[in-house]
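Asks: Numbering (the working numbering), first residue to last: 88 to 241.
Where a beta carbon is used, it is the ideal one built from N, C-alpha and C, also for glycine.
All values reported here derive from a predicted model rather than from experimental measurement.
1. Quick check: what's the CA-CA separation for residue 224 versus residue 105?
2. Short of 8 Å in beta carbon distance, which residues of its chain neighbour residue 177, apart from the five on each side in sequence? Order them along the chain.
3. If you count every other CB in all the chains shown that lies within 10 Å of the CB of residue 107, and 16 or more means buried, which is it?
4. Using DSSP with H/G/I as helix, E/B as strand and the rest coil, what is residue 157?
5. Closer than 6 Å by C-beta to residue 160: which residues in its own chain qualify, once you throw out the five before and the five after it? Chain order, please.
6. Check residue 128 in the structure and name its three-state DSSP category.
7. Please return the same chain residues whose Cβ sits closer than 6 Å to the Cβ of residue 162, not counting the five positions on each side in sequence.
8. Could you please give the first and the last residue of the uninterrupted beta strand (DSSP E) stretch that includes residue 183?
9. Using the Cβ count rule (16 or more neighbours within 10 Å means buried), how would you classify residue 102?
10. Please look up how many angstroms separate the CB atoms of residue 203 and residue 95, rounded, as I've assumed it's under 8 Å.
11. Restricting to Cα atoms, I'd like to know which of 158, 143, 197 is closest to residue 132.
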């Protein structure tokens with residue numbers, strides 16, 4: 088497959104054993120967000136509000152919230168703070184998350200538009216890793232220390 092036909096979008100759909108209100112909190116509450124992704128998080132969940140998440144040491148995701156319709160839809164920009172290993176400029180890409188009731192749980196539909204197939208491939212790997220942790224955390228279990236963090240958690 089040549090680069091012109093490779094995807095630049097990461098799309099995922101996962102079922103979480105928690106209601107949409109609970110899952111929503113894991114997207115917008117810094118204490119809950121860092122249970123599944125990141126070392127630290129500063130989140131201002133309102134349209135135009137900024138966020139900053141130190142995902143692993145030296146790699147900081149930054150952007151702003153564009154649209155929030157709790158507990159159904161979240162749209163935000165995404166990128167990496169300069170100086171880290173990230174290959175996407177700050178706030179240069181778009182993430183859309185939809186939470187749909189599914190029995191006693193939630194179906195999370197995720198779409199991340201990226202600039203290149205290479206960026207999409209690397210981000211897909213990361214999102215898969217973190218979504219596994221979100222599924223565990225949102226259902227009330229402990230996903231444990233993130234193995235991607237290179238320092239011990241206190």
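Replies: In short, the structure shows the following:
1. 10 Å
2. Around residue 177: 149, 150, 166, 167, 168, 169.
3. Residue 107 should be labelled buried.
4. It is coil, neither helix nor strand.
5. 185
6. Strand, per DSSP.
7. Contacts found: 153, 154, 183.
8. Run containing residue 183: 180-189, per the beta strand (DSSP E) assignment.
9. exposed
10. 6 Å
11. 158
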